[in-house]
Amino acid sequence: MAVRCFTALLLFCSVVRANTLRLCHTNDFHAKYLEVGDSNVKCQWWDSVKDNCYSGIARLSTALKSLSCDVKIQAGDWVQGSLLDTVFKQDIAIEAYKWIKYDFATFGNHEFDYGNTHINDTVRQIAPLTKFLSSNVFFSGQGMEDLPLFRFVDLHGICWVSALTKETLDLAAVEDNVSIEDEDSFMVKYIKQCAQQNNVIAITHQGYNNDIETCRNVKEIDIIIGGHSHTNLNEGQYPVKVTRDDGSVCWVTQTYAHGRYIGVLDINFDENGKVLLNSHAYIPVDFRVKYDPEVLLKVQLYNYQVAKKAGEVIATVTDDVIGGQPCRGPESLPGDGSYVNSGCSMGHLVCDAMMHIAAGHASDLPRVCFMNGGTLRNSFSEGKVTLRDIVNVLPFGNTIVSMTLKGSAILDAINHGLSVYGTDNKGAFPGGMSNMILKAHVDGSKSPGSMVTVESVTIDGMALEEDKDYVLLTNSYIAAGGDGYSWPVEGVDWGTMLREATQTYLEKHDPYSPVTEGRVLMKGSDVASINDANAAIYASDSSDSSLMFMDETVGVETELDETLVTPPQVDRIGSCKHSTCSA
């Protein structure tokens, strides 16, 4: 019997069960130790008042305990995606594993972001509690030959195997002593070594579409618990049934990302011992889940320590790096036909940092970076730059997203960003670019939305070709439609935070000299009215990012009332005592 949970209203759906095995799984947590808002970055006050705060390690702990899971599974990318992760790396990752007490974990591509030391420490320190499955990832040298990895596990009458996408070799800075073999063939290899080959569950991090193909190709597999593509199956699709040519069935599951959902599978066995899916639920980890007080205290101790590190010097800059309001377009235009540089050197710094991260990933297509000015909330003053300064510039926790687009789609995005010029809502304005130069003309006699015309766009020193493919790097906010942007394809979220990329870039280019070349150049005619309007907007702008770091440091977690709404009282999966459950 399947039960659907309507995520806006319901926390847990469960049913009374007997002689069943309950599997609870998550994937792509991305270090969301503190709760997140709708945009999957830190929960802001406007999210909180609308009850739009989700996840967080303390909520996840409560939810998993409430579900009485027999086997808890984490399908990769436990790390990379928060300030706490940036500061504490494997130290907090290891502790968080211990707080949740997963039975199984496997590699995601982001496990390799911090190098082999991170992997070595994590796997060894969680090994007594968590079995780390690794059917196709191998290490040689660096003292890692005896890493306590499991190629397969026989447990509960089931053979457990795993797979990590080979694309990790392009997506992450994988060290030379790491080999990643073919996903399907190596799972088959280890399935053949299992005592129980009739029942197989694969824990994978290779993406939803690849999981579907694996289901079709590897007939031994009964269930795939997946990750990597952040696929959300909350509209009743969970779990996805794949029927093979021979009539056998394989189930594919995934729970989006960031700890926002938990997948629950209740399985039992027929008279021949064959595993059967009995019931399932897709559980939202939202504001109705109380915090686990013990875990909340532990994560807040880490959170408060961030304040101590906030003043640590990351690098020095030789001149002011300008962010904030100038990233939303030039304040004034001369009207004499000469070009004005938008002056947002911060946007170009962040884009250059994103391109630096991308340089380690193979691509046959030209890469460019483009981002909105509204993301860039502050400036660096000449001299020392601290972690606090970086967070004040990039307070929202946005991550790098890549898309393969035609030149025409990039041009459409640029036109949308330029359309806000002359209005009082300029967050979409093209604030940062890399490997791209834009020239535009402003006609002040026209209405906002139509007053700016693109004159030229060059990429790699060549004119943009509308029919040519390019790889665009941008931030997760506008990739998801923020500031009114729309895209013809869904982007790939790398999970790497802009501020972490910026910190890494500054450290490698210390001392850093800001970009002076014009990457966003504008000239105008009939500009008197537009200049007056801009001057009024600048004069009235009282945005202050100075408290943003403290907001992140203290965290919304500490401000929320612990007596949040108690979840509906339900039995186990199947007989949900709530009007929003339907069998």
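In mature numbering (1 follows the signal peptide of the UniProt record, and there is no 0), the protein residues as written are -18 to -1, 1 to 565.
Here a beta-carbon is modelled for each residue, glycine too, at the ideal position from N, C-alpha and C.
Remark: C-beta atoms of F89 and I101 approach each other more closely than 9 Å. Linking F168 to K148 through their CA atoms gives a straight-line distance of about 12 Å. Annotation: the continuous alpha helix (DSSP H) that includes F70 extends over 65 to 70.
As computed with DSSP, N102 is found in no beta bridge at all. Sequence-distant partners of L420 (beyond 5 residues in either direction) whose C-beta falls short of 8 Å from its own C-beta, in its chain, are I396, P412, V436, S438, V439, R501, V502, L503. Counting only unbroken stretches of 3 or more residues, the beta strand (DSSP E) elements lying wholly within the segment 171 to 231 are 182 to 187, 205 to 207, 222 to 225, in sequence order. Assignment of beta-bridge partners to M385 by DSSP yields L454. Close CB contacts of A177 within its chain, under the 8 Å cut and outside five residues either way in sequence, are with D136, C141 (chain order). Under DSSP, G365 takes part in a beta bridge, and its partners are V299. In the displayed model, K272 falls within coil according to three-state DSSP, outside both helix and strand. Cα atoms of D95 and H343: separation of roughly 12 Å, rounded to the nearest angstrom.
H7 and Q56 have their C-alpha atoms some 6 Å from each other. In the structure shown, H491 adopts coil according to DSSP, grouped into three states. By the Cβ-count criterion, R242 is buried, with 16 or more other Cβ atoms from all chains shown falling within 10 Å of its own Cβ. Less than 9 Å separates the beta-carbon of V303 from that of M328. In this structure, L455 sits away from I512, with a CB-CB distance that is not shorter than 9 Å. Comparing C-alpha distances from V246 to each of C51, R481, I460 shows the shortest one belongs to C51. Between the segment 314 to 326 and the segment 347 to 354 there are fewer than three inter-stretch CB-CB distances shorter than 8 Å, so the stretches are not counted as touching. Taking each of W476, G443, P470 in turn and checking the Cα distance to S458, the smallest one comes out for W476. Per DSSP, the continuous alpha helix (DSSP H) segment holding K47 begins and ends at 39 to 48. DSSP places W142 in the uninterrupted beta strand (DSSP E) bounded by 140 to 146. Collapsing the DSSP output to three states places T150 in a helix. DSSP places T237 in the coil class of the three-state scheme, outside both helix and strand. From the listed residues Y36, S30, K32, the smallest Cα separation to N22 is found for Y36. Close CB contacts of A462 within its chain, under the 7 Å cut and outside five residues either way in sequence, are with S21 (chain order). D73 is positioned such that its CB atom lies no closer than 9 Å to that of F11. Short of 7 Å from the beta carbon of R41, and not among the five residues preceding or following it, lie these beta carbons of its own chain, in chain order: E17, V267, V271, Y273. Non-local C-beta neighbours of G473 in its own chain, meaning closer than 7 Å and more than five positions away in sequence, comprise V383, S384, M385, A461, ordered along the chain. Two segments are said to touch when three or more pairs of C-beta atoms, one from each, lie closer than 8 Å; by this definition the segment 305 to 318 does not touch the segment 488 to 495. Under the three-state reduction of DSSP, I441 is assigned to strand. Setting aside the 5 residues that flank it on each side, H338 is surrounded in the same chain by Y487, each with a C-beta closer than 6 Å to its C-beta; the list follows chain order. In summary, Y286 is exposed, with fewer than 16 beta-carbon neighbours lying within 10 Å of its beta-carbon over all protein chains present. The shortest C-alpha to C-alpha distance from E448 to any of K388, E489, T235, S429 is the one to K388. Note on geometry: alpha-carbon atoms of I183 and K366 lie some 52 Å from one another.
A Cβ-Cβ contact shorter than 9 Å links A78 with V281. Rounded to whole angstroms, D67 and A13 show a C-alpha spacing of 6 Å.
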